[in-house]
Amino acid sequence: MSDTQSIDLRSDTVTQPDAAMRRAMAGAEVGDDVFGDDPSVNRLEAMAAERVGKEAAVYVPSGTMANLVAVLSHTRPTDEVLLGSQSHIFNAEVAGSARIGGVQLRPLPNDAGGGLDESDVEAAIREPNLHTPRTALLCLENTHNSCGGQVLPAAKTEALAAIAREAGAGVHLDGARIFNAEVASETPAAELVAAADSVSFCLSKGLACPVGSVLCGPSELIDRARRERKMLGGGMRQAGVLAAAGVHALEHNIERLAEDHANARTLAEGLGRLGPFAVETPATNIVILRVLEGTREGWLAAFADQGVRAVPFGAGRIRMVTHKDVDAAAIDEALRRIEQAVAAA
Ligand SMILES: *Cc1c(COP(=O)(O)O)cnc(C)c1O
Numbered sequence: 000m001s002d003t004q005s006i007d008l009r010s011d012t013v014t015q016p017d018a019a020m021r022r023a024m025a026g027a028e029v030g031d032d033v034f035g036d037d038p039s040v041n042r043l044e045a046m047a048a049e050r051v052g053k054e055a056a057v058y059v060p061s062g063t064m065a066n067l068v069a070v071l072s073h074t075r076p077t078d079e080v081l082l083g084s085q086s087h088i089f090n091a092e093v094a095g096s097a098r099i100g101g102v103q104l105r106p107l108p109n110d111a112g113g114g115l116d117e118s119d120v121e122a123a124i125r126e127p128n129l130h131t132p133r134t135a136l137l138c139l140e141n142t143h144n145s146c147g148g149q150v151l152p153a154a155k156t157e158a159l160a161a162i163a164r165e166a167g168a169g170v171h172l173d174g175a176r177i178f179n180a181e182v183a184s185e186t187p188a189a190e191l192v193a194a195a196d197s198v199s200f201c202l203s204k205g206l207a208c209p210v211g212s213v214l215c216g217p218s219e220l221i222d223r224a225r226r227e228r229k230m231l232g233g234g235m236r237q238a239g240v241l242a243a244a245g246v247h248a249l250e251h252n253i254e255r256l257a258e259d260h261a262n263a264r265t266l267a268e269g270l271g272r273l274g275p276f277a278v279e280t281p282a283t284n285i286v287i288l289r290v291l292e293g294t295r296e297g298w299l300a301a302f303a304d305q306g307v308r309a310v311p312f313g314a315g316r317i318r319m320v321t322h323k324d325v326d327a328a329a330i331d332e333a334l335r336r337i338e339q340a341v342a343a344a
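Here it is as structure tokens:
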């Protein structure tokens with residue numbers, strides 16, 4: 000790692016397709032996926048569904064579209080969706096569900112682990128009557144981005160899903176980083192998402208694809224999701240060039256997430272020793288620094304001056320995410336540079 004090279008910890012979305020992935024993409028067999036003719040897309044969808052224990056899957060351009068298509072497929076306009084106050088769907092998807100789905104998003108307080116309180120969910124379920132929106136969907140998130148990459152245990156997902164199911168509502172799990180949860184908890188993704196009807200996950204984050212997410216669930220729901228995807232303009236043609244990256248990632252890039260988690264722990268320990276930051280031990284690949292001395296903007300600028308990139312993450316918080324393109328040596332170098340920034344402050 001040269002002195003001048005920037006170490007980009009803004010997100011695991013910055014990962015670049017490596018040579019083997021590019022070869023898989025270049026050699027992909029393709030067809031028109033809107034006609035269902037793309038063998039590489041069909042292969043990715045089948046692999047994804049199998050990997051998370053669902054009947055069917057649909058390939059979409061982004062995690063945001065996967066969640067929107069999921070909400071559209073589970074609801075009709077005027078329905079209500081229960082979800083965490085810190086969830087990505089509520090905070091970081093431009094209120095697309097409200098605008099395009101015509102649903103009401105009803106946030107419930109997230110606990111520190113990214114879960115919800117069973118009693119809050121129970122209390123939020125609507126009694127059907129003339130005045131109320133229908134409680135149609137509960138959305139959960141695993142790993143939980145804003146809560147620092149925490150893993151939602153299968154038992155918690157089951158308990159919350161049971162309340163929704165009892166009320167006749169569906170359950171969608173935003174599993175953008177579900178394989179980080181699988182690797183960190185040594186629990187198969189299929190087990191972590193078993194209680195949810197649908198699950199979406201990103202190929203473009205730690206799995207290191209250039210593009211893409213997958214929504215998985217029962218065949219009937221996925222048939223509807225295909226229509227919703229088409230409406231949103233997400234029906235792509237020779238998309239197999241992209242899907243081939245996903246197939247490659249599912250085969251090669253899941254187990255290695257353990258390295259990202261080890262690097263995140265090293266990074267957190269090093270940062271915690273410096274003094275100006277409170278850092279909790281990360282559960283997966285997301286490290287959150289709470290700024291104790293100085294300002295968030297001041298530190299972000301000081302890190303950037305040293306060639307370490309991070310992002311603001313709520314008041315007084317900075318996020319760093321480890322990923323495939325930042326190895327253990329680069330983490331040591333990042334810590335050296337940040338130590339210099341602290342010494343100079
Ligand atoms: C990144 C992310 C998404 C959205 O994915 P994009 O591909 O960036 O649209 C959804 N949910 C969570 C939890 C995420 O971290």
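Numbering (numbering that gives the first Met the number 0), first residue to last: 0 to 344. We put the beta carbon where it would ideally sit given N, CA and C, even for glycine.
Buried versus exposed, by CB contacts within 10 Å (16 or more), residue i
{"i": "A122", "result": "exposed"}
{"i": "T77", "result": "exposed"}
{"i": "S10", "result": "buried"}
{"i": "S86", "result": "buried"}
{"i": "F34", "result": "exposed"}
{"i": "E117", "result": "exposed"}
{"i": "E219", "result": "exposed"}
{"i": "A314", "result": "exposed"}
{"i": "M376", "result": "Not covered by the structure: residue 376. The range shown for the chain is 0 to 344."}
{"i": "M235", "result": "buried"}
{"i": "G293", "result": "exposed"}
{"i": "L43", "result": "buried"}
{"i": "T131", "result": "exposed"}
{"i": "V70", "result": "buried"}
{"i": "L129", "result": "exposed"}
{"i": "A309", "result": "buried"}
{"i": "G216", "result": "buried"}
For residue j and residue i, the rounded distance between their alpha carbons
{"i": "Q237", "j": "P60", "result": "13 Å"}
{"i": "G211", "j": "A45", "result": "15 Å"}
{"i": "D222", "j": "A94", "result": "24 Å"}
{"i": "E227", "j": "V68", "result": "6 Å"}
{"i": "N144", "j": "G167", "result": "28 Å"}
{"i": "R272", "j": "E157", "result": "38 Å"}
{"i": "A160", "j": "G297", "result": "42 Å"}
{"i": "H171", "j": "P209", "result": "25 Å"}
{"i": "G169", "j": "K229", "result": "22 Å"}
{"i": "N109", "j": "A135", "result": "19 Å"}
{"i": "K155", "j": "A344", "result": "43 Å"}
{"i": "H322", "j": "L231", "result": "30 Å"}
{"i": "I330", "j": "N262", "result": "7 Å"}
{"i": "R133", "j": "P127", "result": "7 Å"}
{"i": "A303", "j": "F312", "result": "16 Å"}
{"i": "S84", "j": "L107", "result": "5 Å"}
{"i": "A267", "j": "P38", "result": "43 Å"}
{"i": "L214", "j": "S96", "result": "16 Å"}
{"i": "V120", "j": "L299", "result": "37 Å"}
{"i": "V320", "j": "G274", "result": "20 Å"}
{"i": "G233", "j": "A342", "result": "49 Å"}
8 Å CB neighbourhood of residue i in its chain, flanking five on each side removed
{"i": "Q305", "result": "R336, I337, Q339, A340"}
{"i": "R316", "result": "I287, L288, R289, V290, R295"}
{"i": "Q4", "result": "G306"}
{"i": "A327", "result": "E258, A261, N262, T265"}
Residue closest to residue i, alpha-carbon to alpha-carbon, out of the options
{"i": "A180", "options": "G148, A27, G83, V102", "result": "G148"}
{"i": "N276", "options": "A56, R289, A267", "result": "The residue you asked about is not Asn; residue 276 is Phe in the sequence shown. With distances taken between Cα atoms, F276 lies closest to R289."}
{"i": "I285", "options": "A344, N141, P209", "result": "N141"}
{"i": "A18", "options": "A329, A342, D324", "result": "D324"}
{"i": "R75", "options": "R98, V310, R42, F302", "result": "R98"}
{"i": "T138", "options": "N128, A342, L115, L129", "result": "The sequence given here places Cys at residue 138; Thr does not occur at that position. The residue with the shortest Cα to Cα distance from C138 is L115."}
{"i": "V80", "options": "M64, G113, I124, R42", "result": "I124"}
{"i": "L191", "options": "R176, L202, K204, S203", "result": "R176"}
{"i": "F178", "options": "H260, L107, G216", "result": "H260"}
{"i": "R164", "options": "Q4, G232, H73, L8", "result": "H73"}
{"i": "A195", "options": "I162, R225, N90, D32", "result": "I162"}
{"i": "R225", "options": "S39, C201, D37, V57", "result": "V57"}
{"i": "P16", "options": "A193, V246, D119, G233", "result": "V246"}
Beta-carbon contacts of residue i that lie in its chain and below 6 Å, excluding the five residues immediately before and after
{"i": "A333", "result": "I6, V307"}
{"i": "L206", "result": "A248, N252"}
{"i": "A55", "result": "A48, S218, I221"}
{"i": "V182", "result": "L256, A257"}
{"i": "D36", "result": "G30"}
{"i": "G112", "result": "Q149"}
Close beta carbons around residue i, own chain, < 7 Å, minus the five adjacent residues each side
{"i": "N66", "result": "I88, E92, D173, S199"}
{"i": "R264", "result": "T280, P281"}
{"i": "G269", "result": "L334"}
{"i": "R22", "result": "none"}
{"i": "T12", "result": "S203, K204"}
{"i": "G62", "result": "A175, S199, C201, S212"}
Given 8 Å, three or more beta-carbon pairs between the region 137-148 and the region 273-290: yes
Stretch pair the region 184-191 + the region 42-58: three plus CB contacts closer than 8 Å: yes
Cβ contact (3+ pairs, closer than 8 Å) linking the region 239-259 and the region 17-36: yes
Segment contact flag, the region 98-108 with the region 248-264, C-beta cutoff 8 Å, min 3 pairs: no
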